[in-house]
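Input: a single structure, listed below in structure tokens.
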Amino acid sequence: MTPIMLELLVRSLWETILMTGASGIISLVAGLPLGLALVATARGGIAENPWLNSVLGAIVNGFRSVPFIILLVALIPVTRLIVGTALGTWAAIVPLAIAATPYYARIAEVSLREVDRGLIDAVRAMGGNRWTIIREVLVPEAMPGIVAGFTVTLVTLVGASAMAGAIGAGGLGDLAIRYGYQRFETTVMIAVVIVLIVLVCGIQWLGDRLVARLDHK
Amino acid sequence: MNSVVSAPASVAMPQAEEVVRLTDVKRRFGATPALDGVSLTVRKGEILGIIGRSGAGKSTLIRCLNGLEQADSGEIHIEGRNITGLTEKDLQPLRRRIGMIFQHFNLLSAKTVEENVALPLKIEGLGKAERLKRAAELLDLVGLSDKAKAYPSSLSGGQKQRVGIARALAARPALLLSDEATSALDPETTRSILALLKDINQKLGLTILLITHEMEVVRSVADRVAVIDAGRIVEEGQVWSVFADPQAPITQRLLSGIRPQLPEHISARLSPVSGDEQILSIDMAGPAAQGALFADLSQVLPQSFRLVHGGIDHIQDQPVARFFIAVPARDASLPEKVQTFLKARGARVEVLGYDANHA
């Protein structure tokens, strides 16, 4: 592989990490509260509100049912509004984050819902309010699942970011398509695949380590 | 918010000694009534045991006392204050006056033992140093000082419940609710947890209301017992007197495993009308059970009578005796004489039937 190719590979890796990391963090910050809201407003939840629950559920399902490549294009006006341009790495972060947020919210919802009701009762019996329950029970008790779910989301984002090449976002996926596939540079293709495997394994390994440390069950 | 907690007792107590008073409390789930008019009081410093089979309404009852469950009608007074109809927000300061322990301990797995114990104090708004100091005191009280930094998952069931007790006591409650706290524990651990509860009751003068389906629990710690069946209190009284003379059929059934019963191979062959021997059950309790019963009985009854089964238990330091004897029945006047003698001694006597002599 030529030095130019290597530089291209490094740059693409950085772009992928940037897209995955930034949209991942946004989806965590937005998706976790959304997941909490879904659990809290559900029947028997700590802030039961069936109406709000079905509205939130419908929004989440709506976004999740649109294929990412279509969302990428459909969100161009929104992206332009936020980033100022619809092209490039930063522009890709907007649709990636918007797609990943409801995805992560559902994963977080599952972990949060599995928290034993008895623990909520125990804290209510101590005189705790809803915030206490969220802060001391729901989030800490679901933390291993929240982190494991975030790992899954990041890995999914690595895959989704490949499609962002369609709006000139760069990244490893884009590199593989343009050089490896369209220019028949098999070496590049193989190199990209290896880098992706290492990246995904690395994310998973870190996530698993963190879960193991957090899990006291 | 804490002002409500330390509100002076001037809030018109119906009777100074009552910590809990329930008046005709009803609660139904769909068509089935879980509580069907429960009236009950718990006095300061006593241990009240509420016993019933599963589905009798015990859990609903105990959860109504701290507002985890709302009553449909009736009144619930805690320390003189009516809590029925209070909002979740108004219940919060009140709940800090009530500790609760659970069958499955309900410890937070993500927190260490001391963090679990300190949590009620965190909710109260105490500073960290103060919280941990109080947690250390409580862990010392329950004998788990060395486990302060451990996570609950590394503890045994008995240790977990000790942490649960320490946590329930952290905010110095006026009342401790125990929701089947020993039901998930083995007999030996159960005994040690019950001993701890009794100890706390005596040391701190803490009022305890416990629900259970095991008579053994009531027997070993409670002062008074209330029997609940189908959402109603069917029997209530001093533990020793209820054990000595259970009135309701459900109480008798609940007690059947713990009181001497006529062995089945004998009860199965009894004839209701005639036989060589008449089989009697004798129930005595309190002072009546302390005399030289059998020596005196053999005076009245020189012809040999047989002791078939039975024994004396001591509940709340009161002897509770239950014996089954066989009296020769050929002379019809004899059983009569025995019964008169026993009744004069304050015993309850019941003729169970007649048996062929197997002596």
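So the sequence lines, in the order shown, correspond to chains F and S. Be aware that the first sequence starts at 1, since it is given in our numbering, and climbs by one per residue. Be aware that the second sequence starts at 1001, since it is given in our numbering, and climbs by one per residue. Backbone N, C-alpha and C define an ideal beta-carbon position, used for all residues, glycine too.
CB contact check: residue i to chain F, cutoff 8 Å
| i | result |
| --- | --- |
| M1284(S) | no |
| A1110(S) | yes |
| S1059(S) | no |
| L1068(S) | yes |
| F1102(S) | yes |
| N1201(S) | no |
Neighbourhood of residue i by C-beta distance below 7 Å, restricted to the same chain and skipping five residues each side
| i | result |
| --- | --- |
| G1353(S) | L1270, S1271, P1272 and I1279 |
| Q1339(S) | V1349 |
| A97(F) | S23, I26 and S27 |
| L185(F) | Looking at the sequence itself, residue 185(F) is Glu, so the reference to Leu does not match. So the qualifying residues of the chain are Y179. |
| G88(F) | G168 and A169 |
| P1335(S) | Q1278, V1327 and A1329 |
| D1072(S) | K1026, R1027 and R1028 |
| L75(F) | V94, P95 and I98 |
Cα-Cα separation, residue i to residue j
| i | j | result |
| --- | --- | --- |
| G1049(S) | D1223(S) | 8 Å |
| L1126(S) | L1169(S) | 15 Å |
| T41(F) | L1107(S) | 24 Å |
| I1098(S) | L1204(S) | 14 Å |
| G1231(S) | Q1103(S) | 21 Å |
| S1192(S) | A1148(S) | 20 Å |
| L112(F) | V147(F) | 12 Å |
| I1101(S) | N1066(S) | 12 Å |
| L6(F) | I93(F) | 24 Å |
| I106(F) | V29(F) | One detail in the question is off: residue 106(F) reads as Arg in this sequence, not Ile. Going from the Cα of R106(F) to the Cα of V29(F) covers about 14 Å. |
| P67(F) | I133(F) | 36 Å |
| R1259(S) | F1243(S) | 8 Å |
| E1137(S) | T1087(S) | 33 Å |
| G149(F) | Y104(F) | 7 Å |
| I120(F) | G127(F) | 11 Å |
| E48(F) | L38(F) | 10 Å |
Contacting residues, own chain, Cβ-Cβ under 6 Å from residue i (five flanking each side not counted)
| i | result |
| --- | --- |
| G1074(S) | T1023, D1024, V1025 and K1026 |
| M972(S) | Residue 972(S) falls outside the range modelled here, since chain S spans only 1001 to 1359, and no answer is possible. |
| L175(F) | S12 and V192 |
| D215(F) | P144 |
Backbone secondary structure at residue i - three-state DSSP
| i | result |
| --- | --- |
| T1212(S) | strand |
| P1263(S) | coil |
| M1013(S) | Because the pLDDT at M1013(S) is just 43, under 50, the model does not fix this residue reliably, and the point stays unresolved. |
| F1305(S) | coil |
| I1402(S) | For chain S, the structure presents residues 1001 to 1359; residue 1402(S) sits outside this window and is missing. |
| A30(F) | helix |
| T1112(S) | coil |
| R1167(S) | helix |
| F1105(S) | coil |
| A122(F) | helix |
| S1256(S) | coil |
| M49(F) | Contrary to the premise, residue 49(F) reads as Asn rather than Met in this sequence. Three-state result, N49(F): coil. |
| L1185(S) | coil |
| E1069(S) | coil |
| A158(F) | The identity of residue 158(F) in the sequence shown is Val, whereas the question assumes Ala. Of the three classes helix, strand and coil, the one that applies to V158(F) here is helix, per DSSP. |
| M143(F) | helix |
| P1008(S) | Bear in mind that the predicted position of P1008(S) carries a pLDDT of just 41, short of 50, making it unreliable; the figure below should be weighed with that in mind. Coil, per DSSP. |
| D1355(S) | strand |
| L1176(S) | strand |
Minimum Cβ-Cβ distance from residue i to chain S less than 8 Å
| i | result |
| --- | --- |
| R124(F) | yes |
| L119(F) | yes |
| G127(F) | yes |
| T41(F) | no |
| T186(F) | no |
| S85(F) | Checking the displayed sequence, the identity of residue 85(F) turns out to be Thr instead of Ser. For T85(F), the answer is no, since every Cβ of chain S falls outside 8 Å of its Cβ. |
| T132(F) | yes |
Cβ neighbours of residue i in the same chain (closer than 8 Å, five flanking residues each side left out)
| i | result |
| --- | --- |
| D1229(S) | G1052, R1053, A1056, A1248 and I1250 |
| W205(F) | none |
| L1141(S) | A1166, L1169 and I1200 |
| A1129(S) | none |
| G1311(S) | P1260, A1321, R1322 and F1323 |
**Prompt:** According to a CB-to-CB cut-off of less than 8 Å, which residues of the region 137 to 168 of chain F neighbour chain S?
**Reply:** V137, P140, E141 and M143
**Request:** Note down, in chain order, all residues in the region 1119 to 1130 of chain S with a beta-carbon under 9 Å from any beta-carbon belonging to chain F.
**Result:** L1119, P1120, K1122, I1123 and E1124
**Where the region 194 to 216 of chain F meets chain S: residues whose CB sits under 7 Å from a CB there** = H216
**Item:** Residues within the region 1077 to 1098 of chain S neighbouring chain F, beta-carbon criterion of under 9 Å
**Value:** E1088, K1089, L1091, Q1092, P1093, L1094, R1095, R1096, R1097 and I1098
**Asked** Looking at chain F, which residues of the region 1145 to 1167 of chain S have a Cβ within less than 9 Å of any of its Cβ atoms?
**Response** Y1151, P1152, S1153, S1154, G1164 and R1167
**Asked** Between the region 14 to 30 of chain F and chain S, which residues of the former have a C-beta closer than 8 Å to a C-beta of the latter?
**Response** none
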